[in-house]
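Protein chains: 2
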Amino acid sequence: MSAPPSDSDPTGAASSPLSAVEPPERQRDAERTRAEILEVAGREFADSGFAGARVDVIAAKTSTTKRMIYYYFGGKEQLYIAVLEQAYARIRDLEQQLDVEHLDPVAAIRELAGLTFDHHESHPDFIRLVSIENIHRAEFLARSAVLTGPANPALDVLGAILDRGRAAGLFRTDVDALDVHQVISAYCVFRTANRHTFGAIFHRDLLDPACRAHQRQVLGDLVVAWLTAG
Amino acid sequence: MSAPPSDSDPTGAASSPLSAVEPPERQRDAERTRAEILEVAGREFADSGFAGARVDVIAAKTSTTKRMIYYYFGGKEQLYIAVLEQAYARIRDLEQQLDVEHLDPVAAIRELAGLTFDHHESHPDFIRLVSIENIHRAEFLARSAVLTGPANPALDVLGAILDRGRAAGLFRTDVDALDVHQVISAYCVFRTANRHTFGAIFHRDLLDPACRAHQRQVLGDLVVAWLTAG
DNA sequence: TAGGTAACTCACCAACTGGTACAAACTCTC
DNA sequence: GAGAGTTTGTACCAGTTGGTGAGTTACCTA
Numbered sequence: 077m078s079a080p081p082s083d084s085d086p087t088g089a090a091s092s093p094l095s096a097v098e099p100p101e102r103q104r105d106a107e108r109t110r111a112e113i114l115e116v117a118g119r120e121f122a123d124s125g126f127a128g129a130r131v132d133v134i135a136a137k138t139s140t141t142k143r144m145i146y147y148y149f150g151g152k153e154q155l156y157i158a159v160l161e162q163a164y165a166r167i168r169d170l171e172q173q174l175d176v177e178h179l180d181p182v183a184a185i186r187e188l189a190g191l192t193f194d195h196h197e198s199h200p201d202f203i204r205l206v207s208i209e210n211i212h213r214a215e216f217l218a219r220s221a222v223l224t225g226p227a228n229p230a231l232d233v234l235g236a237i238l239d240r241g242r243a244a245g246l247f248r249t250d251v252d253a254l255d256v257h258q259v260i261s262a263y264c265v266f267r268t269a270n271r272h273t274f275g276a277i278f279h280r281d282l283l284d285p286a287c288r289a290h291q292r293q294v295l296g297d298l299v300v301a302w303l304t305a306g
Numbered sequence: 077m078s079a080p081p082s083d084s085d086p087t088g089a090a091s092s093p094l095s096a097v098e099p100p101e102r103q104r105d106a107e108r109t110r111a112e113i114l115e116v117a118g119r120e121f122a123d124s125g126f127a128g129a130r131v132d133v134i135a136a137k138t139s140t141t142k143r144m145i146y147y148y149f150g151g152k153e154q155l156y157i158a159v160l161e162q163a164y165a166r167i168r169d170l171e172q173q174l175d176v177e178h179l180d181p182v183a184a185i186r187e188l189a190g191l192t193f194d195h196h197e198s199h200p201d202f203i204r205l206v207s208i209e210n211i212h213r214a215e216f217l218a219r220s221a222v223l224t225g226p227a228n229p230a231l232d233v234l235g236a237i238l239d240r241g242r243a244a245g246l247f248r249t250d251v252d253a254l255d256v257h258q259v260i261s262a263y264c265v266f267r268t269a270n271r272h273t274f275g276a277i278f279h280r281d282l283l284d285p286a287c288r289a290h291q292r293q294v295l296g297d298l299v300v301a302w303l304t305a306g
């Protein structure tokens, strides 16, 4: 058995300096194979959970074979961790992009909440993976060196808004950025994570497009009213 | 194979009219066996999910055998549904007990939120089951005749409080009882359901007893500020 | 163009897992 | 206390599932 390929090696585009325009459509492409497995595995794990997902099924939905999964990732567990890491990496990339510094504190908080709302709504698979990971008491997440690092950069943006709001005498001072983040996250995550049981019991689909604008408004009202209450 | 025993038959205490004081500690006790299986299965499913839980493990943690699980419940799936039904039944029993009609609307809403908070905190297994069920898109819950009935009675209490608050000109009128319930539930469920990933990423344990009072206060402030904001 | 290695294929397995056949043991009724 | 139905224990099975041994082919470099 040969050793699995290194993780840090990029797509191999730098290999042939002459045909730089188009890497001539290699039949064998480690990076593409790896990415495809990760993509399919992400869907399967989000769909069925760690225990429910089947390595054979993941392999079947890939253009490669089960043996390749073990070749590249080593096992079901490592594959799952790789999926988790990829999912968090994507979310963090998106979070970096938010730019609300030019708004006044109240508008900024409302905008931040709204963007978080949109963000969660358009990434249901991520939320499912997070739910699954919580069922496992985050044991896999804890096993990943990448994911236990320093806290989320999105929190800094929120902290800055709160500071500005407090300096202007607009915001309450008995909560911190993490409290606010928790409230926003809770509302946004709940809509997706508990959609099905909530719908079955209360007969309201939390992700019904007809309710979307109302729900988004509610979140903004909620957070702003809370922070500005004296 | 004989037919499984009827569900509606009570504990058999009515069988022997003479020894009414103490059903003489029967070695064979269908109801007790059934209840014990359900109890253990509840813990196992909450712990490992539907796919992750093992019938053999459930049986081993019981004082009876795997054969009994199939005798009483028919299969893993039916056992899981029975667990779900029991869990929801217990929660609804508790919800019936809240009595906040004597309080003014603002105090009543705060009390309701606080009780919901306490309630969720003391039933983590229930929340785990709900999370698991959502991962399965509530397919098992939908298959249960018991659980798809009319909506939660807790909603009526909430609706009454809102009506009183609006009549007194205290509460906003652009949200309904379900919106409020959603906000409260989201906050309460999030603390337990996302405890582990949140803790791993932000290094704050949402269920840390030291934070408990603060979190409970936040929920009350949040809901009251929102509803009373003009 | 030869050779080395990364990428890949195929066939296979041991353990697990939900489920069951069968019979024994117990309880109640008459 | 005999007969009938209920409850329980033992042993077992067939399909599934994560995982692997070993050989093969494409790609790159010298």
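Going down the list, the protein sequences come from chains A and B. Following this note's numbering, the numbering of the first sequence begins with 77 at its first residue and continues without gaps. Following this note's numbering, the numbering of the second sequence begins with 77 at its first residue and continues without gaps. C-beta: ideal position from N, C-alpha, C; glycine also.
### Message
Check whether the region 134-143 of chain B and the region 169-184 of chain B touch, using three or more Cβ-Cβ pairs below 8 Å as the test.
### Response
no
### Query
If you draw a straight line from the alpha carbon of V294 of chain B to that of V159 of chain A, how long is it in whole angstroms?
Mapped onto the second sequence, residue 294 of chain B falls at position 218. Mapped onto the first sequence, residue 159 of chain A falls at position 83. Rounded to whole angstroms, V294 of chain B to V159 of chain A spans 34 Å at the Cα level.
### Message
Measuring straight from C-alpha to C-alpha, what distance separates A243 of chain B and A276 of chain B?
### Response
The residue you call residue 243 of chain B lines up with position 167 of the second sequence. The residue you call residue 276 of chain B lines up with position 200 of the second sequence. A243 of chain B and A276 of chain B: Cα-Cα distance of roughly 45 Å.
### Distance, A236 of chain A Cα to F274 of chain A Cα
Mapped onto the first sequence, residue 274 of chain A falls at position 198. Mapped onto the first sequence, residue 236 of chain A falls at position 160. Taking the straight line joining both Cα atoms gives about 35 Å.
### Task
Quick one: measure Cβ to Cβ for V259 of chain B and V299 of chain B, integer angstroms, because I've assumed they're closer than 8 Å.
Here the question's residue 259 of chain B lines up with position 183 in the second sequence. Here the question's residue 299 of chain B lines up with position 223 in the second sequence. With a Cβ gap of about 6 Å, V259 of chain B and V299 of chain B count as contacting.
### Message
Less than 9 Å between CB atoms is the rule here; does F266 of chain A satisfy it with respect to chain B?
### Response
As a working mapping, residue 266 of chain A is identified with position 190 in the first sequence. F266 of chain A counts as touching chain B.
#### Entry: Simplified DSSP assignment, three categories, for D284 of chain A
For this step, residue 284 of chain A is matched to residue 208 along the first sequence. Note: D284 of chain A maps to coil in three-state DSSP.
### Message
Counting only Cβ-Cβ distances shorter than 9 Å, please list the residues of the region 274-286 of chain B near chain A, keeping chain order.
### Response
F274, G275, A276, I277, F278, H279, R280 and L282
### Message
Please list the terminal residues of the continuous alpha helix (DSSP H) segment that includes P181 of chain A.
### Response
Your numbering for residue 181 of chain A matches position 105 in the first sequence. Counting along the chain, the alpha helix (DSSP H) containing P181 of chain A begins and ends at P181 to E197.
### Query
When you compare each of B:D239, B:I134, B:C287 and B:A262 to D252 of chain B by their alpha carbons, which one comes out closest?
Residue mapping note: residue 252 of chain B aligns to position 176 of the second sequence, counting from 1. The candidate whose alpha carbon is nearest that of D252 of chain B is B:D239.
### Query
So, is L170 of chain B buried or exposed, given that buried needs 16 or more other C-beta atoms within 10 angstroms?
Reading the second sequence from its first residue, position 94 is the one you call residue 170 of chain B. Exposed: under 16 other Cβ atoms inside 10 Å.
#### Entry: Spatial neighbours of V133 of chain A in its chain, beta-carbon cut-off 7 Å, leaving aside the 5 residues before and after
If you number the first sequence from 1, residue 133 of chain A lands on position 57. Closer than 7 Å at the Cβ level, and outside the excluded window around V133 of chain A, lie E120.
### Query
What separation, rounded to the nearest whole angstrom, lies between the Cα atoms of D123 of chain B and F202 of chain B?
Residue numbering aside, residue 123 of chain B sits at position 47 when the second sequence is read from its first letter. Residue numbering aside, residue 202 of chain B sits at position 126 when the second sequence is read from its first letter. Cα to Cα, D123 of chain B sits roughly 11 Å from F202 of chain B.
### Task
Compare the beta carbon distance of A163 of chain B and G118 of chain B with 9 Å and say whether it is the shorter of the two.
Taking the second sequence and counting its residues from 1, one reaches residue 163 of chain B at position 87. Taking the second sequence and counting its residues from 1, one reaches residue 118 of chain B at position 42. Yes, these two residues count as a Cβ contact at 9 Å.
### Task
Could you name the residues of chain A that E67 of chain B contacts, counting a contact when the two beta carbons are closer than 8 Å?
Any answer about residue 67 of chain B is impossible in this case: the structure gives chain B only from 77 up to 306.
### Query
From which residue to which residue does the alpha helix (DSSP H) around P200 of chain B run?
Reading the second sequence from its first residue, position 124 is the one you call residue 200 of chain B. Per DSSP, P200 of chain B belongs to the alpha helix (DSSP H) from P200 to I211.
### Task
Please name the residues in the region 192-222 of chain B whose beta-carbon is closer than 7 Å to at least one beta-carbon of chain A, in chain order.
R204, V206, S207, I208, E209, N210, I211, R213, A214, L217 and A218
### Straight-line gap, R186 of chain B to R248 of chain B (C-alpha atoms, nearest Å)
Locating residue 186 of chain B in the second sequence gives position 110, where the first residue counts as 1. Locating residue 248 of chain B in the second sequence gives position 172, where the first residue counts as 1. If I take the Cα positions, the gap works out to 15 Å.
### Query
According to a CB-to-CB cut-off of less than 9 Å, which residues of the region 236-261 of chain A neighbour chain B?
R248, D250, V251, L254, D255, H257, Q258, V259 and S261
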